[in-house]
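Asks: Have a look at this one.
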Ligand code: PMP
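Structural data, given as structure tokens:
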């Protein structure tokens, strides 16, 4: 073991080249708590990953450079990757990821919260494998218990009369369907969404996604982007009433008084973990309903207990939506989404044809049901509250030390850290954020980056993320910032 450690330290000094050789030759030696490549390269006083009793399997597949070349040749040029030298991630275990060399990283982003319970959670994997062995089918025209069981379990998590479930394959599909429902139910066309929001990449949801419409100028029906009630950057600060007035103006002057619906993430994800001004949703839900519209809560990122204080993000604002959309964490990585609404709204869709070939297929339903079970069994909501509080407290302390941190925000394990070069002007520290982002990867932390200016760290790990992990992220940020 001592020899192994010595060689590994040397390997970090010698550079990355030795790693595959060492990893492959030492992979048979048990190194339970501290994996050989957990050391931060070239930095002995840098914070190190919390120990984790797992050794990844030896990877014998193609290396990153080869994959990158193939991607460039055969995949769309719009496909982007993180990091100057993109990572080839080959294995995941709970809150950790392993690259082609067996190096472990703390996944503080989980692929934008696709993973709720943890990478390859054994109970979820088992449910998927067992169902795959028995039957995978692409249609709901026959009976199968998995879709019905999953719908029942999901409906039991919803408040009020939100009891009718539709399964789809992604968040974009969920929001497309929600928008269709809103238009059919209300008989109106106009949709309202928030600036800085993200609701999908399909041609229908791109219009709702105000973040992307800066880049796409393709008309997507009648869609109005209203002022974002962002307490940090918004012109009215935390004054929900003034932002609600802006929405009212859009209805009065832009839609001739009638709308189909309003959609908002209850905490904006891609936009940089932005919590809406307190009380905002209550005010605008009233306004929208008076104009004949329905209220849609996009819980693709904020649902399933991630906020800690509540199971659903909309509950943090004390509102009851008419339609709720979800995806990502619902399947712990499976392509799965859902729309939940009231029987009254669902009735309108029953008059039309609504069909989704893979929506609610047995394998995804079995996996989704296992996710709900695991989140309850492992008390992940309470865990998110506890660890999230610790993380936010530590980040706020870090903010006192480093002027570049303009804002720390969020709830539970959905946290944003915004970097600015001037605290008063709130000038986005774009270049610095990119440097920190790369530096954290070197230290072993994979974090998210977002916000309109790309100057926000988004910390959204799998929900099994611990206080030690939180400490490591903060210590790594502290270390990286001190080197800026
Ligand atoms: N809504 C929100 C809040 C999202 O963050 C996303 C994805 N980033 C979507 C919808 C779209 O989900 P998908 O990429 O699965 O279509």
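In our numbering, the protein residues as written are 1 to 484.
Note that beta-carbon positions come from the ideal geometry of N, C-alpha and C, so glycine has one too.
Would you check if the region 272-286 and the region 352-364 touch, i.e. whether three or more CB-CB distances between them fall below 8 Å?
Replies: The region 352-364 vs the region 272-286: no contact.
Asks: Tell me, which residues are paired with residue 191 by DSSP?
Replies: If you number the chain shown from 1, residue 191 lands on position 191. Looking at the DSSP assignment, residue 191 forms a beta bridge with 223, 261.
Asks: Using a 10 Å radius around the Cβ and a threshold of 16 neighbouring Cβ atoms, would you call residue 460 buried or exposed?
Replies: Position 460 of the chain shown, counted from the start, is the residue given in the question as residue 460. Buried.
Asks: In chain order, what residues of the same chain lie with their CB nearer than 6 Å to the CB of residue 359, ignoring the 5 residues before and after it?
Replies: Taking the first residue of the chain shown as 1, we reach residue 359 at position 359. Contacts found: 167, 168.
Asks: Which residue comes first and which comes last in the alpha helix (DSSP H) that contains residue 79?
Replies: Counted from its first residue, the chain shown places residue 79 at position 79. No alpha helix (DSSP H) holds residue 79; DSSP gives it neither H nor E.
Asks: Please find out if some non-hydrogen atom of ligand 1 comes closer than 7 Å to the beta-carbon of residue 91.
Replies: Along the chain shown, one-based indexing puts residue 91 at 91. Residue 91: no, Cβ never under 7 Å from ligand 1.
Asks: Once DSSP output is grouped into helix, strand and coil, what is the label at residue 97?
Replies: For the purposes of this step, residue 97 is taken as the residue at position 97 of the chain shown. In this structure, residue 97 counts as strand in the three-state DSSP scheme.
Asks: Beta carbon of residue 294, beta carbon of residue 185: below 8 Å?
Replies: What you label residue 294 is simply residue 294 of the chain shown in a count that begins at 1. What you label residue 185 is simply residue 185 of the chain shown in a count that begins at 1. Result yes, Cβ atoms of residue 294 and residue 185 sit closer than 8 Å.
Asks: Pick helix, strand or coil for residue 270, following the three-state DSSP scheme.
Replies: Reading the chain shown from its first residue, position 270 is the one you call residue 270. Residue 270 falls in the coil class under three-state DSSP.
Asks: Is the beta carbon of residue 486 less than 8 Å from the beta carbon of residue 339?
Replies: With the chain covering 1 to 484 only, the question about residue 486 has no answer from this structure.
Asks: Would you decide whether residue 397 is buried or exposed? Buried here means 16 or more other CB atoms lie within 10 Å of its CB.
Replies: If you number the chain shown from 1, residue 397 lands on position 397. Result: exposed.
Asks: Once the 5 residues before and after residue 90 are set aside, which same chain residues still bring their CB inside 7 Å of it?
Replies: Position 90 of the chain shown, counting from 1, holds the residue named residue 90. Within the same chain, residue 90 has close Cβ partners 59, 61, 98, 99, 100.
Asks: Would residue 406 pass as a contact of residue 419 if the rule is Cβ separation under 8 Å?
Replies: Reading the chain shown from its first residue, position 406 is the one you call residue 406. Reading the chain shown from its first residue, position 419 is the one you call residue 419. The answer is yes: Cβ separation under 8 Å.
Asks: Can you give me the C-alpha to C-alpha distance between residue 255 and residue 190, rounded to a whole angstrom?
Replies: As a first step, residue 255 is located in the chain shown; it is residue number 255 there, counting from the start. As a first step, residue 190 is located in the chain shown; it is residue number 190 there, counting from the start. If I take the Cα positions, the gap works out to 7 Å.
Asks: Around the C-beta of residue 151, are 16 or more other C-beta atoms found within 10 angstroms, so that it is buried, or is it exposed?
Replies: In the chain shown, residue 151 corresponds to position 151, counting from 1. By the neighbour-count rule (16 or more Cβ atoms within 10 Å), residue 151 is buried.
Asks: Per DSSP, what kind of secondary structure is residue 150 in: helix, strand or coil?
Replies: Here residue 150 is taken as the residue at index 150 of the chain shown, counted from 1. Helix, per DSSP.
Asks: Classify residue 425: buried if its beta carbon has 16 or more other beta carbons within 10 angstroms, exposed otherwise.
Replies: Walking along the chain shown from the start, residue 425 turns up at place 425. Under this definition residue 425 is an exposed residue.
Asks: Say yes only if the C-beta of residue 265 is nearer than 7 Å to one or more non-hydrogen atoms of ligand 1, and no if none qualify.
Replies: Residue numbering aside, residue 265 sits at position 265 when the chain shown is read from its first letter. Under cutoff, so the answer is yes.
Asks: In this structure, does DSSP put residue 314 in helix, strand or coil?
Replies: The residue you call residue 314 lines up with position 314 of the chain shown. Looking at residue 314 - three-state DSSP - the assignment turns out to be helix.
Asks: Around the C-beta of residue 79, are 16 or more other C-beta atoms found within 10 angstroms, so that it is buried, or is it exposed?
Replies: Within the chain shown, numbered from 1, the residue matching residue 79 stands at position 79. Classification for residue 79: exposed.
Asks: Applying the criterion that 16 or more other CB atoms from any shown protein chain within 10 Å of the CB defines a buried residue, is residue 280 buried or exposed?
Replies: Here residue 280 refers to the residue found at position 280 of the chain shown. Classification of residue 280: buried, given that the 10 Å Cβ count is 16 or more.
Asks: How would you label residue 84, buried or exposed, when you count the other beta carbons within 10 angstroms and need 16 or more for buried?
Replies: On the chain shown, position 84 is the one that residue 84 refers to. So residue 84 ends up on the exposed side.
Asks: Going by C-alpha to C-alpha distance, which of 204, 290, 289, 194 sits closest to residue 243?
Replies: Walking along the chain shown from the start, residue 243 turns up at place 243. Ranking the options by Cα distance to residue 243, first place goes to 194.
Asks: Is the distance from the Cβ of residue 384 to the Cβ of residue 305 below 8 Å?
Replies: Taking the first residue of the chain shown as 1, we reach residue 384 at position 384. Taking the first residue of the chain shown as 1, we reach residue 305 at position 305. A contact, by the Cβ cut-off of 8 Å.
Asks: Is it true that the region 145-160 meets the region 219-235, where meeting means three or more beta-carbon pairs spaced less than 8 Å apart?
Replies: Because the criterion of three Cβ pairs below 8 Å is not met, the region 145-160 and the region 219-235 do not touch.
Asks: Is residue 297 near residue 316, with beta carbons less than 8 Å apart?
Replies: For the purposes of this step, residue 297 is identified with residue 297 of the chain shown, where counting begins at 1. For the purposes of this step, residue 316 is identified with residue 316 of the chain shown, where counting begins at 1. No, Cβ-Cβ distance for residue 297 and residue 316 is not below 8 Å.
Asks: Quick check on residue 492: buried or exposed, where buried means 16 or more other Cβ atoms within 10 Å of its Cβ?
Replies: Because the chain here runs from 1 to 484, residue 492 falls outside it and cannot be looked at.
Asks: Closest by CA to residue 440, which one among 171, 468, 105?
Replies: Position 440 of the chain shown, counted from the start, is the residue given in the question as residue 440. The candidate whose alpha carbon is nearest that of residue 440 is 105.
Asks: Quick one: what's residue 338 bridged to in DSSP?
Replies: Stepping through the chain shown from its first residue, residue 338 is reached at position 338. For residue 338, which the question treats as bridged, DSSP gives the partners 167, 326.
Asks: Does the beta-carbon of residue 128 have 16 or more other beta-carbons within 10 angstroms, so that it is buried, or is it exposed?
Replies: Along the chain shown, read from residue 1 onward, the residue named residue 128 stands at position 128. Buried.
Asks: Pick from 380, 146, 173: whose alpha carbon is nearest that of residue 310?
Replies: The residue given as residue 310 occupies position 310 in the chain shown. Among 380, 146, 173, the Cα nearest to that of residue 310 is on 380.
Asks: Could you compute how far the alpha carbon of residue 8 sits from the alpha carbon of residue 82?
Replies: Taking the chain shown and counting its residues from 1, one reaches residue 8 at position 8. Taking the chain shown and counting its residues from 1, one reaches residue 82 at position 82. Legend: pLDDT at residue 8 = 43, less than 50; position of this residue unreliable, no value from coordinates given.
Asks: What are the residues that DSSP puts in a beta bridge with residue 428?
Replies: By 1-based counting over the chain shown, the position of residue 428 is 428. Its beta-bridge partners are 420.
Asks: Please state whether the Cβ-Cβ distance between residue 137 and residue 362 is less than 8 Å.
Replies: Mapped onto the chain shown, residue 137 falls at position 137. Mapped onto the chain shown, residue 362 falls at position 362. Yes, Cβ-Cβ distance for residue 137 and residue 362 is below 8 Å.
Asks: Which value, in whole angstroms, describes the spacing of the CA atoms of residue 114 and residue 463?
Replies: Working through the chain shown from its first residue, we reach residue 114 at position 114. Working through the chain shown from its first residue, we reach residue 463 at position 463. So the two alpha carbons sit approximately 11 Å from each other.
Asks: Check this for me: beta carbons of residue 308 and residue 299, under 8 Å apart or not?
Replies: As a position in the chain shown, residue 308 is number 308, starting the count at 1. As a position in the chain shown, residue 299 is number 299, starting the count at 1. No, the pair does not count as a contact, with Cβ atoms beyond the cut-off.
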